[in-house]
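*Asks:* First residue of the sequence shown? That's 3 in our numbering, and the numbers climb one at a time after it.
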Amino acid sequence: VQGIGAAAEIATAIRELSAPNDLWPALDLIVLTRGGGSIEDLWEFNEEIVARAIAASRIPVISAVGHEVDFTIADFVADVRAATPTAAAEIAVRDRLELYDGLSRLKKRLDDGVDYVLRQHRKELAYLLRSRGLARPLDLVRNYQQRVDDMSHRTALGLRAAVVRAHDRLRLLDAKLDALSPLNVLRRGFAIVERDGLPMTRASLLMPGDDVVIRMADDRRNAIISKSHSTNTHEENV
């Protein structure tokens, strides 16, 4: 893997292996490797196009280029650098005994987990079998029925008290509203004089000839102001 165009071929191969396609199953690993040689022979693995292809790969890349003393830019960009192609194979393929040992540990963890869950469920089942609810279910039902009856009684009492309080407050507000009503003032002998629908609160607002309405407790009358006079003269003015 050397010579003119080798770097482009390496980069293309990495991109094709990393990209999803229908030609082969999804890969777990890419091993980029070649035997030893001079620095010129290995120079293609220092090219930028190769480094960028390794960095963009979606699949982990092991770089194993040359001998143990050889270093290229591909070694530093890859996920893992192996000193030799043989070392790359050892990294990529785990020992069979190690795999068996890992599977045994996983199986033991799974068995322990299942045993723990079963023990917990057995304890819960034993507790339920000893509980009052399963031993004497009718007593449990009666107890809850009594609690429901008590809550219903307290709720009814609370609602009744709330209605009484609301009724008392309504009567109090009605009495206050009645006390502030202008009709009560009119019943005591007072009258309201209006001009153009507006109450006249001062005599100075009225002039001779003004058409006014006099409101009393039981009815109202129209009147015309004939003249104005001081309250000290005690003269009639309507």
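We treat Cβ as the ideally placed atom computed from N, Cα and C, and that holds for glycine.
Which of the three DSSP states is assigned to residue 25 in this structure?
*Replies:* Coil at residue 25, not helix or strand.
*Asks:* Could you spell out the range, first to last residue, of the alpha helix (DSSP H) harbouring residue 19?
*Replies:* 8-20
*Asks:* Based on DSSP bridge pairs, tell me the residues matched to residue 65.
*Replies:* 34 and 83
*Asks:* Cβ of residue 217 less than 7 Å from any chain D Cβ?
*Replies:* The chain labelled as chain D is not found in the depicted structure, where only one protein chain is given.
*Asks:* Can you round the beta-carbon distance between residue 84 and residue 65 to whole angstroms, since I take them to be within the 8 Å contact cut?
*Replies:* A Cβ-Cβ separation of about 7 Å places residue 84 in contact with residue 65 under the 8 Å criterion.
*Asks:* If we call anything under 7 Å between Cβ atoms a contact, is residue 44 one with residue 5?
*Replies:* no
*Asks:* Compare the C-alpha of residue 80 against each of 142, 113, 31 and 126 and name the closest.
*Replies:* 31
*Asks:* Identify, in the order they occur along the chain, each residue of the same chain with its Cβ nearer than 7 Å to the Cβ of residue 89, setting aside the five sequence neighbours on each side.
*Replies:* 66
*Asks:* Looking at the structure shown, is residue 139 part of a helix, part of a strand, or coil, going by DSSP?
*Replies:* Residue 139 falls in the helix class under three-state DSSP.
*Asks:* Given this structure, state the Cα-to-Cα distance separating residue 182 from residue 188, to the nearest angstrom.
*Replies:* 12 Å
*Asks:* Does DSSP put residue 180 in a helix, in a strand, or in coil?
*Replies:* helix
*Asks:* In the DSSP assignment, the beta strand (DSSP E) including residue 196 goes from what residue to what residue?
*Replies:* Per DSSP, residue 196 belongs to the beta strand (DSSP E) from 194-197.
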